[in-house]
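Residue numbers for the sequence shown follow the working numbering, beginning at 4 and rising by one.
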Amino acid sequence: MLDINSIKMELAEAFPEISFSTTRRLTGRCIVAMKSKYQGADIFIKSDKIVVEAAIPQWTTRFMLGAGAAYRKLTDKDFSDTALQIKEYLSRKYEVSLRN
4 MLDINSIKME
14 LAEAFPEISF
24 STTRRLTGRC
34 IVAMKSKYQG
44 ADIFIKSDKI
54 VVEAAIPQWT
64 TRFMLGAGAA
74 YRKLTDKDFS
84 DTALQIKEYL
94 SRKYEVSLRN
């Protein structure tokens, strides 16, 4: 079984420019990667794989943007960069999928 805390520590060592924290989302606990208040990723640790999703990391920013968050996700070409970097790194060791 994959351990959320050990994966969080592994990511923090590999990406010192990104801050990592754990939180709870509707689909369960996850690691939040925050490169900026507008760019980051949610990393869900399942029993047999890891799911990475590009996301706006701060709840206050998500709330302020509201429906604009979906627009930003579709139009900002750099929006998914953090998620793609994390997926590429974790894919070397684990089974990882990217959720759009």
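We put the CB at the ideal spot given by N, CA and C, even for glycine. Model, not experiment: these values are computed from the prediction.
For the 8 Å CB-CB criterion, residue 56 and residue 86 form a contact. Nearest Cα to residue 10 within the set 103, 31, 92: 92. The secondary-structure analysis by DSSP pairs residue 50 with nothing; it has no beta-bridge partner. Here residue 21 carries a coil assignment [DSSP, helix/strand/coil].
Within the same chain, Cβ atoms closer than 7 Å to the Cβ of residue 83 are found at 57, the five residues on either side in sequence being excluded. Annotation: the continuous beta strand (DSSP E) that includes residue 100 extends over 99 to 102.
Look at residue 10 here: in three-state DSSP terms it is helix.
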